[in-house]
Amino acid sequence: MLAALLCIAGGAAADWLRIPLAWILGPMVTAAILSLSGFGFWYPRIGQRIGQWTIGCSVGLRLTGVALVALAPLIPLMIGLGLLGMCAGSVASLILVRFARLDPRTAYFAMMPGGLAEMANVAGSVGARGEPVALCQALRVAIVVLVLPPVVLALGTADRSSVGLPAHYLPAAGMGLLLCAGLAGVVAAKYLRFSNYWMIGAMIGSGSASAAGLVSGAMHPELVHAAQFLLGVAIGARFRRDIISKLVRIALVSVFAAFAMIALLFGSGSLLAVLTHGDLATSVLAVAPGGLPEMAVTAQAMHLDVAFVVMFQLVRAFLVNGFVIQLMSILDRMGFFRMAEKLRRP
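Under numbering that gives the first Met the number 0, the letters of the sequence shown match residues 0 to 345, in that order.
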């Protein structure tokens, strides 16, 4: 209870200071400090799932038929930049191999821009170490969430977040229907074995309800802030003292590798802005190496084109989770891991 109150206080303080994404960053930093200090911080997984479900429903309201039809011609570009993101992760993994002395396959999964749990599980299935993968994935997402909001503000944005979205808030009945539609989508996505099915399923379910005209309006900001709080605490709680203390060198090097990956993908974001004649901030966020829920929330909070960001992130997540092992096999045949192993030697 005390930990929850402290995280709420962290969010309120960040909001009072007008920090971007206050209700993610404040609780995230507070939870990380508590967890690293040995406070015995425990966070139930259901909290993260409720946060993803709620954010997914909120984002689904933005995924209108008009927006998706407009984005359809960009699917080849989404696939190309998704593959480029996977290649950027492969290159960034060499930093972990060289300076953290991590074995090449573990480093490869650690820097893939996929989900934390998914990459750790896949890594374990091919003989790589799951614990360093989970740590590096969590650090990268946290760094992206911390760094990108001020970068987006510095770049300047065109407010396109409200395109196609009514100005009024959903009434109680509409809110209940939206959440139920999102939950139905979650069940379907789980049955279809989607990764991150709480987020993706909720987006599909709520988006379908919105497109069918069953719901119309916006989610109340207090509910969105509560969901952001749950996601922020979930990220911060991952930094357990017992794990960090065993992997200090890997943690430190992975911070540098995360910044290198952000820089690499900033370049692809700039290319995307040129090719689509869009604003740079939206394009950078669309290819940023963060998690889908975190990037969707950032797009909402920064008043960017949510549908644009979500679709690029969604296509890359599909590619990473579906073809990460196939890319590893291709790189292995090309001699990538043999070359990386030479870098590992002192």
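Note that CB positions come from ideal geometry on N, CA and C, so glycine has one too.
Under the three-state DSSP convention, the category residue i falls into
| i | result |
| --- | --- |
| Ala-133 | helix |
| Ala-31 | helix |
| Ser-161 | Caution is warranted here: a pLDDT of 46 is assigned to Ser-161, below 50, making its placement in the model unreliable, and the coordinate value is therefore given only provisionally. The answer is coil: DSSP assigns Ser-161 none of H, G, I, E or B. |
| Tyr-168 | strand |
| Met-211 | The question names Met, but residue 211 in the sequence shown is Ala. Ala-211 falls in the coil class under three-state DSSP. |
| Gln-312 | helix |
| Ala-153 | helix |
| Ala-217 | strand |
| Gly-9 | helix |
| Tyr-42 | coil |
| Met-77 | helix |
| Met-301 | coil |
| Asn-320 | helix |
| Ala-295 | helix |
| Ser-194 | coil |
| Ser-36 | coil |
| Ala-287 | coil |
| Ser-26 | The question names Ser, but residue 26 is Pro in the sequence shown. It is helical. |
| Met-338 | helix |
| Gly-204 | helix |
| Arg-17 | coil |
| Asp-331 | helix |
| His-276 | coil |
Nearest-angstrom Cβ-Cβ length linking residue i and residue j, presumed shorter than 8 Å
| i | j | result |
| --- | --- | --- |
| Val-140 | Ala-280 | About 19 Å; that fails the 8 Å criterion. |
| Gly-112 | Val-319 | Residue identity check: residue 112 is Pro in the sequence provided, not Gly. 6 Å between Cβ atoms; contact. |
| Ala-109 | Leu-95 | 6 Å |
| Trp-197 | Trp-52 | 5 Å |
| Phe-255 | Ala-31 | With a Cβ gap of about 18 Å, Phe-255 and Ala-31 do not count as contacting. |
| Ser-57 | Met-218 | 4 Å |
| Ser-209 | Gly-55 | 12 Å between Cβ atoms; not a contact. |
| Ala-285 | Ser-34 | Wrong, their Cβ atoms sit about 31 Å apart, outside the cutoff. |
| Gly-84 | Pro-288 | 7 Å |
| Pro-19 | Ala-300 | 6 Å |
| Val-323 | Val-121 | 6 Å |
Distance cut-off 8 Å: residue i Cβ against heavy atoms of the ligand GTP
| i | result |
| --- | --- |
| Ala-211 | Absent from the structure shown: the ligand GTP. Ligands present: none. |
Residue burial classification, residue i (beta-carbon count within 10 angstroms, cutoff 16)
| i | result |
| --- | --- |
| Arg-44 | exposed |
| Met-333 | exposed |
| Leu-101 | buried |
| Arg-337 | exposed |
| Arg-192 | exposed |
| Leu-1 | exposed |
| Glu-117 | buried |
| Leu-62 | buried |
| Ala-8 | exposed |
| Ile-249 | buried |
Below-9 Å beta-carbon distance, residue i vs any chain B residue
| i | result |
| --- | --- |
| His-302 | As a matter of chain content, chain B is missing from the structure shown, which is built from one protein chain. |
Contact the stretch 213-229 vs the stretch 18-35: 3+ CB pairs below 8 Å: yes
What ranges does the alpha helix (DSSP H) occupy inside the stretch 93-130, keeping only unbroken runs of at least 4 residues that lie completely in it? 103-110, 115-124
Using a Cβ distance threshold of 8 Å, determine whether the stretch 320-332 contacts the stretch 304-311, with at least three qualifying pairs required. no
Could you give the uninterrupted runs of the alpha helix (DSSP H) lying entirely in the stretch 230-262, keeping only those of 4 residues or more? 240-245
So, does the stretch 259-276 touch the stretch 78-94, judging by three or more C-beta pairs under 8 Å? yes
Would you check if the stretch 171-188 and the stretch 204-214 touch, i.e. whether three or more CB-CB distances between them fall below 8 Å? yes
Are there three or more Cβ pairs, one per stretch, closer than 8 Å when the stretch 268-282 is compared with the stretch 67-80? yes
Continuous alpha helix (DSSP H) assignments of at least 4 residues falling wholly in the stretch 49-75: 64-70
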